[in-house]
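> I'd like to ask you about the structure that follows.
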C-alpha cells in the first residue's frame, strides 16, 4: 500500500497526493469506473460499503423477454426514472478523468456505467462495457433509437402516468415503484416492426459482447497499470480485468469507498470519495513540479 510522508498523512486531501504520485509513476493507465463515479451526479449506486445489494437485484434478461408483467414493470420504472438520468451532469470525477485523457495519461477508459457522463465531460476514448441507457434497440429487427423518443411513446401510450409520481430514484434510470400497480402500464414497441424494445444495455443474465471484452483486454495489455474508480467489482464483467492485470504483473490501484472483490489483488487502495481525490491528483499533476518527490520516494 502507498505510504504517505508525515507532512501529508493526516490531511483530508492525502489520498489525492498519493494518487498523483501513483499516476506520475504509471504514465499510461487503464481505467475502469463503476457506479461510485456517478453518485455525486445524483445517480444512485447498487451496493453498500460492504458490497451487498442496497435494493432488489435488477431485472434479468430472461424475465424481461419472457414475462410481460416484468417488462411492463421495468418500463414503468424507467418512465419514472429516465428524466433524472437525462438531466444528470458530470461531476468532478468525470471532469478529472477527461483532463487525464487529454494529458495522454489514460490508455483506455472502460466504464461499467451506462449514463454517458464520461462522454459529456469530454472523454473521447470511452468503452461502454455495459452499453448506454440513452439508446434503445429492437430485439426483433435490431433497429436502434434514442431513449428520448421512446419516452415520448411511453407518455403517449400511458397518459394516466403523465402526472408527477413521488418515487425514489434507483440506479441507471430506474425508479422504485414497488407500492404502485404497474400491471396496466403499456410497454413500448418498435416503430418499425412492433417488436420488443429493450434499452441498449447489458442486463443481468446477458453476456457483455465479446468485441468489447477483446477491445478492453487489448487496451489493458498496452497499459502500464490499472486504476479502478468507484466500483466494488462484484460483477465478473469488471472483476475479470483486475484479475488479468495482476496475472500480467501490472500494478492495480483501487479508489472507492468500501470493500471490493479485488481488495486482495490490489497493490494500492484508497478508501476515499472519487471526485475530490481525482480533482486533487489532477491539480498536483498540473503543477510546475508535478507530485512531490517525497510521495514517490515513499511508495512501496
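In this note's numbering, the protein residues as written are 57 to 356. No residue lacks a Cβ here, since even glycine has one placed at the ideal position from N, Cα and C.
1. With a Cβ-Cβ cutoff of 7 Å, do residue 90 and residue 144 count as a contact?
2. How would you write the range of the beta strand (DSSP E) that residue 115 sits in, first residue to last?
3. Taking its Cβ as the centre, do 16 or more other Cβ atoms sit within 10 Å of residue 356, making it buried, or is it exposed?
4. Which residue from 83, 340, 100 and 198 puts its Cα closest to that of residue 170?
5. Looking at the unbroken alpha helix (DSSP H) that takes in residue 317, where does it start and where does it end?
6. Whose CA, out of 244, 163, 281 and 167, lies closest to the CA of residue 150?
7. Do residue 284 and residue 88 have their C-beta atoms within less than 7 Å of each other?
8. To the nearest angstrom, how far is the alpha carbon of residue 295 from that of residue 307?
9. Could you tell me whether the Cβ atoms of residue 304 and residue 282 are closer together than 7 Å?
10. Comparing C-alpha positions only, which one of 202, 156, 214 and 187 sits nearest to residue 269?
11. Relative to the C-alpha of residue 157, which candidate in 175, 311 and 330 has its C-alpha closest?
12. With 16 as the cutoff for other CB atoms within 10 Å, does residue 341 come out buried or exposed?
13. Report the rounded CA-to-CA distance for residue 299 versus residue 132, giving the unit in angstroms.
14. Give the range of the beta strand (DSSP E) segment to which residue 194 is assigned.
15. Classify residue 130 as buried or exposed, calling it buried when 16 or more other Cβ atoms lie within 10 Å of its own Cβ.
16. How long is the line joining the alpha carbons of residue 337 and residue 328, rounded to whole angstroms?
17. Within the region 158-190, note down every full beta strand (DSSP E) run reaching 3 residues or more, in order along the chain.
18. Would you call residue 260 buried or exposed, if buried means 16 or more other Cβ atoms sit within 10 Å of its Cβ?
19. With three or more C-beta pairs closer than 8 Å as the rule, is the region 315-324 touching the region 118-125?
20. Rounded to the nearest angstrom, what separates residue 235 and residue 212 at their Cα positions?
21. Suppose you measure from the CA of residue 86 to the CA of residue 147; what does that come to, to the nearest Å?
22. Kindly give me the distance between the Cβ atoms of residue 173 and residue 165, rounded to whole angstroms, as I take these residues to be in contact under 8 Å.
23. Run through the DSSP bridge pairs and tell me what residue 326 is partnered with.
24. Pick helix, strand or coil for residue 266, following the three-state DSSP scheme.
25. What does the Cβ neighbour count give for residue 161, buried or exposed, with the cut at 16 atoms within 10 Å?
26. Can you tell me whether residue 331 is buried or exposed? The criterion is at least 16 other CB atoms within 10 Å of its CB, across all chains shown.
27. Measuring CA to CA, which of 181, 199, 288 and 311 is closest to residue 249?
28. If you check the beta carbons only, do residue 309 and residue 138 fall under 7 Å apart?
29. Count the other CB atoms, across all protein chains shown, that sit within 10 Å of the CB of residue 266; report buried if there are 16 or more and exposed otherwise.
On the basis of the supplied data:
1. no
2. No beta strand (DSSP E) contains residue 115, which DSSP labels as neither H nor E.
3. Note on residue 356: pLDDT 27, under 50, position unreliable in the model; the coordinate value appears next. With fewer than 16 Cβ atoms within 10 Å of its Cβ, residue 356 is classed as exposed.
4. 100
5. Neither: residue 317 is in no alpha helix (DSSP H) and is coded neither H nor E.
6. 167
7. yes
8. 15 Å
9. no
10. 187
11. 175
12. buried
13. 38 Å
14. 187-194
15. buried
16. 13 Å
17. 162-167 and 182-184
18. exposed
19. no
20. Low local confidence applies: a pLDDT of 49 at residue 235 is under 50, so the model's placement there is unreliable, with the coordinate-based value given in what follows. Each residue's Cα considered, the two are about 23 Å apart.
21. 20 Å
22. So it is not a contact: roughly 12 Å between Cβ atoms.
23. 311
24. helix
25. buried
26. buried
27. 199
28. no
29. exposed
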